[in-house]
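When the letters of the sequence shown are read in order and numbered with the numbering used here, they come out as residues 4 to 285. Since the structure comes first, as structure tokens, the remarks are kept for the end.
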Amino acid sequence: MNNNLQWDWKIDHKIGLFKWDLKEIWQYKDLLLRFVRRDLIANYQQTILGPFWILLQPILTTITYYIIFGKIAKISTEGIPPLLFYLPGIIIWSYFSDCLNSTMYTFLHHSTLFSKVYFPRLIVPLSNIISHTVRMLVQLVLFVVIYVAFVAADHSVHISASIILVPFLLLLTAAFALGAGLIISIITARYRDLDYALQFIIRLFMFATPVIYPASIVPGNLKTIFWLNPLTPAIETFRTGFFSSNTLQLQPLLVATAITIILLITGLALFKKLETKLMDII
């Protein structure tokens with residue numbers, strides 16, 4: 004009888020595409036809140052005005068857009084006061100852009116932390132989304148205050164029933180940024196030189212979004228592509244809710260929701276599937 008038996012052990016850690024361990028993320032909720040607190044404090048810790056920049060940024064951007072696109076380029080705001088027209092687009096776009104930019108660098112900016120201690124990697128992009136949501140909500144309060152002041156002085160703007168969709172529109176924007184950001188984070192982890200091209204594309208993407216102009220001025224041959232951008236129905240529906248300037252475009256909103264869900268599921272699946280392999284590359 005041969006007593007010199009040799010055993011070969013093989014540990015094969017396979018992660019399913021749709022196994023996201025959401026229960027584990029909930030178990031690490033304290034860490035998630037710590038990351039959120041860290042992000043909120045770190046961004047304004049060594050600034051003179053501190054958190055006031057949350058309010059100053061959209062105001063200064065709105066004034067700049069008003070001068071360039073309202074006074075010089077004379078782009079129509081469809082009878083909506085320019086300050087009220089630009090501010091919602093700026094808030095939603097900034098929210099999307101901030102969420103996207105912080106999520107797309109998940110691996111590159113946290114590779115050292117990931118290599119030292121284990122925790123669900125999705126904690127990092129989720130904490131970024133939550134911290135940017137807090138800032139966006141503060142800016143949204145600013146918009147409501149300005150809106151109420153305009154309504155009190157000028158009764159030409161009216162609220163419509165579409166205003167009840169505002170929470171959904173913000174959720175749609177966050178989900179779009181998270182899904183796209185997770186996919187891009189995988190690409191930039193493998194090919195770091197694509198970062199420059201992606202930043203350029205993001206800047207161009209703003210002009211494909213109705214931040215500084217109404218959707219009504221888009222040529223007919225471009226409307227189909229234009230409305231496939233999930234941010235287009237998000238911003239236009241937001242304006243419809245507060246200004247009743249246009250009819251609610253329900254079909255593009257449903258299409259945007261479907262696109263965002265597909266993008267988010269794809270991003271989560273790929274992120275969870277490849278997170279271990281990407282750490283070996285970085």
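Glycine is no exception: its CB is placed at the ideal position from the N, C-alpha and C atoms.
- The Cβ atoms of residue 90 and residue 149 lie closer than 8 Å to each other.
- If you draw a straight line from the Cα of residue 103 to the Cα of residue 109, it comes to about 10 Å.
- By the neighbour-count criterion, in which 16 or more other beta carbons inside 10 Å mark a residue as buried, residue 224 falls on the exposed side.
- Buried is the label assigned to residue 233, since at least 16 other Cβ atoms lie within 10 Å of its Cβ.
- By the Cβ test, the region 60–67 is not in contact with the region 110–124, since fewer than three Cβ pairs between them sit closer than 8 Å.
- Taking 3 residues as the minimum length, the region 72–123 contains no beta strand (DSSP E) run wholly inside it.
- DSSP places residue 164 in the helix class (H, G or I) of the three-state scheme.
- With distances taken between CA atoms, residue 245 lies nearest to 164 out of 253, 182, 164 and 136.
- Cβ contact annotation for residue 30 (same chain, cutoff 8 Å, sequence separation greater than five): none.
- The straight-line gap separating the alpha-carbon atoms of residue 203 and residue 118 is approximately 30 Å.
- Exclusion of the five residues before and after residue 139 leaves 98 as the residues of its chain whose Cβ lies within less than 6 Å of its Cβ.
- A straight-line Cα-Cα distance of about 15 Å links residue 280 and residue 271.
- Taking 8 Å as the cut-off, the Cβ atoms of residue 241 and residue 172 count as close.
- Comparing alpha carbon positions, the residue from 273, 211, 227 and 75 closest to residue 255 is 227.
- The residue among 115, 162, 130 and 61 with its C-alpha nearest the C-alpha of residue 83 is 162.
- For residue 236, the CB contacts under 7 Å within the same chain, skipping 5 residues up- and downstream, are 230, 252, 255, 256 and 259 in chain order.
- The DSSP assignment places complete alpha helix (DSSP H) segments of no fewer than 4 residues inside the region 180–264 at 197–210, 226–231 and 234–246, in order along the chain.
- The C-alpha of residue 72 is placed about 25 Å away from the C-alpha of residue 201.
- Straight through space, the alpha carbons of residue 247 and residue 181 are spaced by roughly 30 Å.
- A distance below 8 Å separates the beta carbons of residue 111 and residue 192.
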